[in-house]
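Enquirer: Residue numbers (this note's numbering): 13 to 483. All C-beta atoms in this analysis are idealised placements derived from N, C-alpha and C, irrespective of residue type, glycine included.
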Ligand code: AGP
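1. Helix, strand or coil for residue 424? Go by DSSP, reduced to three states.
2. When we look at the beta-carbon of residue 245 and count the other beta-carbons within 10 Å, is it buried (16 or more) or exposed?
3. Less than 7 Å separating the beta-carbons of residue 232 and residue 313?
4. Taking contact to mean 3 or more Cβ pairs, one atom from each stretch, closer than 8 Å, check whether the segment 295-313 and the segment 152-170 are in contact.
5. Under the assumption that residue 433 contacts residue 412 (Cβ atoms under 8 Å), give the Cβ distance between them as a whole number of angstroms.
6. Comparing C-alpha positions only, which one of 457, 323, 421 sits nearest to residue 364?
7. Chain C beta carbons: is any one of them nearer than 7 Å to that of residue 130?
8. Thinking C-beta only, is residue 274 closer than 7 Å to residue 73?
9. Span of the beta strand (DSSP E) holding residue 436?
10. Suppose the cutoff is 7 Å on Cβ atoms and the five residues either side in sequence are ignored; what does the same chain contact list for residue 272 look like?
11. With 16 other CB atoms within 10 Å as the buried threshold, where does residue 403 fall?
12. If the criterion is Cβ atoms closer than 7 Å, does the pair residue 341 and residue 348 meet it?
13. Leaving out five residues before and five after residue 96 in sequence, what residues of the same chain have Cβ atoms less than 7 Å from its Cβ?
14. Considering only residues of the same chain and omitting the five flanking positions on each side of residue 136, which have a CB-CB separation below 8 Å?
15. Quick check on residue 102: does DSSP put it in helix, strand or coil?
16. Which residue spans inside the segment 131-174 form an unbroken alpha helix (DSSP H) run of at least 4?
17. Less than 6 Å separating the Cβ of residue 379 from some heavy atom of the ligand AGP?
18. Can you tell which of 75, 257, 262 has the C-alpha that lies nearest to the C-alpha of residue 121?
19. Please state whether DSSP places residue 89 in a helix, a strand or coil.
20. Looking only at its chain, what residues have a beta carbon closer than 8 Å to the beta carbon of residue 201, apart from the 5 residues adjacent to it on each side?
21. Who does residue 376 pair with in a DSSP beta bridge?
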């Protein structure tokens, strides 16, 4: 029961004893407007330290125009903020000590840079953001990756027998790409699972498994809860995170920051590609302490270095992709198919299209078509087929033939044209393991231009939030 004699701090502490669930709240007393009490449990609260002023927000992005000095509250923590400072304490009223931390993003990062939408700006930034993810992390002497943030020596790095990757939405799809990179380059069994499912199924946590949590925002509640469950059971968890100092970055034992800069548009693009690049570095790192040869290490290092220029080349295809997006945008739905390396590309392509254009889009592994979804194929349901030039090329071209025989229209994304497809987007070739990263980019432009053609709210699609900080 809150008493009239309580200070605001006491009143909030007392009231929170009766509160269950997740929250991030700010409480003000109209009689004493000089202080605000904020409290966090599950949902983020960040304090901003200004000159004789203080701020509280749920995201650093809201503070950056005013200050770059921030303090993150932990779960169960509260703060009293006044114009001249703040103090923090736990739910049992014990004072806590917090060190402010300087955000290295500035207000310019939140500018749309003259682009019509943040999404197009963020797609166009990818040559730079990928270069930033790579910067200082490739060693040309030993053809290895420098990933000091992992906090693991070579012996520990060798000790893992499995890798389990968790994330939500596009982060999960980038994790699928990451699992393939790790299996191919490091020959460690790896798989990805939606964090939102993982956390609810009482996962078996094995001591010789390396867990990797992915999040652009670092605040996705389902991913954070999965990390906390893993940590509680003694799992070793790395984070691949974009937002420095975010909850997932703080909870994990080490990891890789993307350095992609803030992502404003709800649909993830540059964080997706940077995550895939971070996985390529992690796979190289895990591979080179195992059996990946120096020659293959060198091949991957050189491939990684080529990515920024190749992304620039893909961006020059924008006008052609825009035409294709207009051509297909009024379809009632689209199928996306890919085999093995192409499957996460297909999933992410379908995700981008559905979330910003609201066109129904589903992705299937190409080999699964004949086990059911082939029944859907008709001229009204075009297919986007991911067809890289790899050892599965012939199989993929056979799939195109199967779709064609059912009068399905095909937009092929790959490294060559084919008469089996109605339209083709040809991207530059890299190493087979890295090609999925490049194949993703035209699908981002395709979704963007489809959404523009359909006059959607590209940066703020209906029903979605940038950071899903609730269960
Ligand atoms: C991506 O386009 C989506 N907006 C969404 O799936 C997102 O990737 C997911 O919610 C995870 O976000 P996070 O990377 O910030 O954890």
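Expert: On the basis of the supplied data:
1. For the purposes of this step, residue 424 is identified with residue 412 of the chain shown, where counting begins at 1. Residue state for residue 424 is assigned as strand, using DSSP reduced to three classes.
2. Start at 1 with the first residue of the chain shown, and residue 245 comes out as number 233. Per the 10 Å Cβ criterion, exposed.
3. Within the chain shown, numbered from 1, the residue matching residue 232 stands at position 220. Within the chain shown, numbered from 1, the residue matching residue 313 stands at position 301. Their beta carbons are not under 7 Å apart, which means residue 232 does not touch residue 313 by this criterion.
4. The segment 295-313 vs the segment 152-170: in contact.
5. The residue you call residue 433 lines up with position 421 of the chain shown. The residue you call residue 412 lines up with position 400 of the chain shown. Confirmed, Cβ separation roughly 6 Å.
6. As a first step, residue 364 must be located in the chain shown, where it is residue number 352. The shortest C-alpha separation from residue 364 is found at 457.
7. In summary, chain C is missing from the structure at hand, where a single protein chain is found.
8. For the purposes of this step, residue 73 is taken as the residue at position 61 of the chain shown. For the purposes of this step, residue 274 is taken as the residue at position 262 of the chain shown. With contacts defined as CB atoms closer than 7 Å, residue 73 and residue 274 qualify as a contacting pair.
9. Counted from its first residue, the chain shown places residue 436 at position 424. Per DSSP, residue 436 belongs to the beta strand (DSSP E) from 435-438.
10. Working through the chain shown from its first residue, we reach residue 272 at position 260. Once the five neighbours on either side are set aside, the close Cβ partners of residue 272 are 141, 144, 145, 254, 282, 283, 286.
11. Residue numbering aside, residue 403 sits at position 391 when the chain shown is read from its first letter. Exposed, because fewer than 16 other Cβ atoms sit within 10 Å of the Cβ of residue 403.
12. For the purposes of this step, residue 341 is taken as the residue at position 329 of the chain shown. For the purposes of this step, residue 348 is taken as the residue at position 336 of the chain shown. No; because the gap between Cβ atoms is not below 7 Å, this pair is not in contact.
13. Position 84 of the chain shown, counting from 1, holds the residue named residue 96. Taking C-beta separations shorter than 7 Å and ignoring five residues to either side along the sequence, the partners of residue 96 in its chain run 64, following chain order.
14. If you number the chain shown from 1, residue 136 lands on position 124. Contacts found: 127, 327.
15. Within the chain shown, the letter at position 90 stands for residue 102. Of the three classes helix, strand and coil, the one that applies to residue 102 here is strand, per DSSP.
16. The segment 131-174 is shown to contain whole alpha helix (DSSP H) runs of 4 or more residues at 138-146, 166-171, in chain order.
17. Indexing the chain shown from 1 puts residue 379 at position 367. False, no ligand heavy atom lies under 6 Å from that Cβ.
18. Here residue 121 corresponds to residue number 109 of the chain shown, with the count starting at 1. That would be 75, whose Cα lies nearest to the Cα of residue 121.
19. The sequence position of residue 89 within the chain shown is 77, counting from 1. If DSSP states are grouped into helix, strand and coil, residue 89 belongs with the strands.
20. Taking the first residue of the chain shown as 1, we reach residue 201 at position 189. So the list reads 173, 174, 175, 195, once near-sequence residues are dropped.
21. Along the chain shown, read from residue 1 onward, the residue named residue 376 stands at position 364. Looking at the DSSP output, residue 376 shares a beta bridge with 349.
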